[in-house]
Structures are given as C-alpha cells and as structure tokens.
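Residue numbers for the sequence shown follow the numbering used here, beginning at 436 and rising by one.
This report concerns only the one structure given below.
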Amino acid sequence: MVETDVPTPFKVAKIHPQMVSRGKKGASLFRTDILGATVQVVTEGGETNLHAHAGSDATWLVVAGQATFYGEGDKVVARLEKNEMLLIPRGTPYWFESSSKEPLVIMRFSARAQNTPDKRIDYTERKAKPREVIPDEYFQG
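Structure, rendered in structure tokens:
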C-alpha cells in the first residue's frame with residue numbers, strides 16, 4: 436500500500452499487528468457508527484470464552500494460521516484455514532481458538548444493528564489470560 440493523504444471520509448488501514456508468543460493481542464483498524472474492523476493475533480492461551488454480541492453481526496476472516504470456532508456445548512462450528520470466512524449473526528454464542536502451530540492472524544468485520552445496544556453476553560467466565568508480546572515483530576503477511 437502506498438501512503439497518501441487520504442481525504443475525509445475515507446480511511447486506510449494496514450494489517451500489520453504485533454506478534455505474540457503466547458496469548459492474544461488485538462488492534463482496531465477502523466470503526467464507524469455501523470461498521471468496524473479489527474485484527475487479532477492468537478496463539479496458545481489466547482482462546483476466548485463462550486460469548487455473544489447482542490447488537491452486531493460479524494464475519495471472521497483467517498489471514499494466517501487456522502481457527503476453530505465452537506458453539507454451545509463446545510460443538511465445532513467451523514475449522515477455518517487461510518482465506519476462509521465465517522459469519523456469526525448477532526446473539527449467537529461462540530468461542531474460538533488458534534488450532535495450528537502457526538500463530539493465528541484473524542480479522543473481524545462487524546456491523547452494528549441500529550437501535551440495539553451492542554453488549555457482550557458472557558456465557559462462561561471471562562478469564563484474564565497472560566500475553567507475551569514479541570518486541571519489534573509484526574505480521575508481514
């Protein structure tokens with residue numbers, strides 16, 4: 436991507452997250468009142484808890500590695516490889532983890548429902564997880 440002066444209202448984002456050796460690290464790429472995009476790097480210990488987003492639909496896109504998504508009862512919903520996506524409608528319980536030795540780099544694109552609070556609903560306990568950031572190492576794609 437060539438760096439340029441981007442006129443308002445356009446936004447340019449670079450997928451260049453900091454890498455972790457353990458846990459998870461996320462970064463917001465952009466957000467409007469309706470649409471948002473984030474990128475996460477997930478390794479061992481970076482799995483999420485069973486939860487849902489009450490007011491936003493989301494698609495998840497694997498950029499590198501492999502992700503396994505689970506629904507209620509830890510039922511496997513999808514195992515995604517690079518360039519594969521999953522749609523999760525608002526209010527749908529899920530959790531995911533990195534399921535390969537390679538770090539998972541995954542993007543989340545979310546769209547907020549108008550006039551609906553976008554609160555997170557935790558179905559299992561949300562635990563603090565240790566994170567080990569790799570200094571000066573960023574995903575290159």
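All C-beta atoms in this analysis are idealised placements derived from N, C-alpha and C, irrespective of residue type, glycine included.
To the nearest angstrom, report how far apart Asn-518 and Val-540 are at their CA atoms. Working through the sequence shown from its first residue, we reach residue 518 at position 83. Working through the sequence shown from its first residue, we reach residue 540 at position 105. Straight-line Cα distance between these residues: approximately 11 Å.
Would you say the region 526-535 touches the region 488-502, given that touching needs at least three Cβ pairs under 8 Å? yes
Going by C-alpha to C-alpha distance, which of Gln-549, Arg-555 and Lys-562 sits closest to Ile-469? Position 34 of the sequence shown, counted from the first residue, corresponds to residue 469. Selected option, being the one with the closest Cα: Gln-549.
Considering only residues of the same chain and omitting the five flanking positions on each side of Leu-496, which have a CB-CB separation below 6 Å? Residue mapping note: residue 496 aligns to position 61 of the sequence shown, counting from 1. Cβ within range, chain order: Met-520 and Met-542.
Please say whether Thr-551 and Leu-485 have beta carbons closer to each other than 8 Å? Within the sequence shown, the letter at position 50 stands for residue 485. Within the sequence shown, the letter at position 116 stands for residue 551. The answer is no: Cβ separation not under 8 Å.
Among Phe-445, Glu-516 and Asp-440, whose alpha-carbon lies nearest the alpha-carbon of Leu-464? Counted from its first residue, the sequence shown places residue 464 at position 29. Residue Phe-445 is the option with its Cα nearest to Leu-464.
Cβ pair Ser-491, Ala-546 closer than 8 Å: Taking the first residue of the sequence shown as position 1, residue 491 is located at position 56. Taking the first residue of the sequence shown as position 1, residue 546 is located at position 111. Yes, they are a contact pair.
Measure the C-alpha to C-alpha separation of Phe-384 and Ile-556 and round it to an integer number of angstroms. There is no way to answer for residue 384, as the model of the chain reaches only from 436 to 576.
Can Gly-461 and Val-447 be called in contact, C-beta distance under 8 Å? Here residue 461 refers to the residue found at position 26 of the sequence shown. Here residue 447 refers to the residue found at position 12 of the sequence shown. No, the Cβ-Cβ distance between Gly-461 and Val-447 is not below 8 Å.
Exposed or buried, Pro-452, counting other C-beta atoms within 10 Å across all chains shown (16 or more means buried)? One-based indexing of the sequence shown puts residue 452 at position 17. Pro-452 is buried by the Cβ-count criterion.
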